Amino acid sequence: IDIDVIMTGKPRSKQEKLTRIMEIIEELESESEEGCARLKEIQRRAASEGIESSLVEEAIRSFRRDGIIYEKSLGCYAIVR
Numbered sequence: 001i002d003i004d005v006i007m008t009g010k011p012r013s014k015q016e017k018l019t020r021i022m023e024i025i026e027e028l029e030s031e032s033e034e035g036c037a038r039l040k041e042i043q044r045r046a047a048s049e050g051i052e053s054s055l056v057e058e059a060i061r062s063f064r065r066d067g068i069i070y071e072k073s074l075g076c077y078a079i080v081r
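In structure tokens:
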């Protein structure tokens, strides 16, 4: 039994991937002249680490809904500070 599923409703492996997606957004945002992370670039970098595109899209929807990130321009996301 994965205790993380009981405590958070998400398996540890998914939590770790969601955390990594957030880190990727933060990295890309700081590297970008626009000050935001493009969806395609988030997906590309995540895919290189074995994170599927569908999870990236799910994470972005969840992060936006929870007010953690916002869409600064079409398809480009930034962390709420």
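Those letters in the sequence shown? Residues 1 to 81, by the working numbering.
No residue lacks a Cβ here, since even glycine has one placed at the ideal position from N, Cα and C.
Predicted model only: the values in this text are computed from it and were never measured.
For residue i, the nearest candidate out of the options (CA to CA)
i	options	result
Glu52	Lys17, Pro11 and Arg12	Lys17
Gly50	Ser62, Glu27, Ile21 and Cys76	Ile21
Tyr77	Glu26, Asp66 and Glu58	Glu26
Boundaries of the beta strand (DSSP E) in which residue i is found, first to last residue
i	result
Ser54	Unbroken run through Ser54 is the alpha helix (DSSP H), Ser53 to Arg65; no beta strand (DSSP E).
Ser73	Ile69 to Ser73
Buried or exposed (CB count within 10 angstroms, at least 16 for buried), residue i
i	result
Glu29	buried
Val56	buried
Ala47	exposed
Between the CA atoms of residue j and residue i - distance to the nearest angstrom
i	j	result
Ile44	Glu34	It is Arg, not Ile, that sits at residue 44 in the sequence shown. C-alpha separation (whole angstroms): 18 Å.
Glu41	Pro11	26 Å
Ser54	Lys14	12 Å
Ile69	Gly9	21 Å
Ser62	Cys36	17 Å
Beta-ladder partner(s) of residue i, from DSSP
i	result
Ile79	Ile69
Lys37	The sequence shown places Ala at residue 37, not Lys. In the DSSP output, where bridge partners are listed per residue, Ala37 has Tyr77.
First and last residue of the uninterrupted alpha helix (DSSP H) at residue i
i	result
Glu27	Arg12 to Glu31
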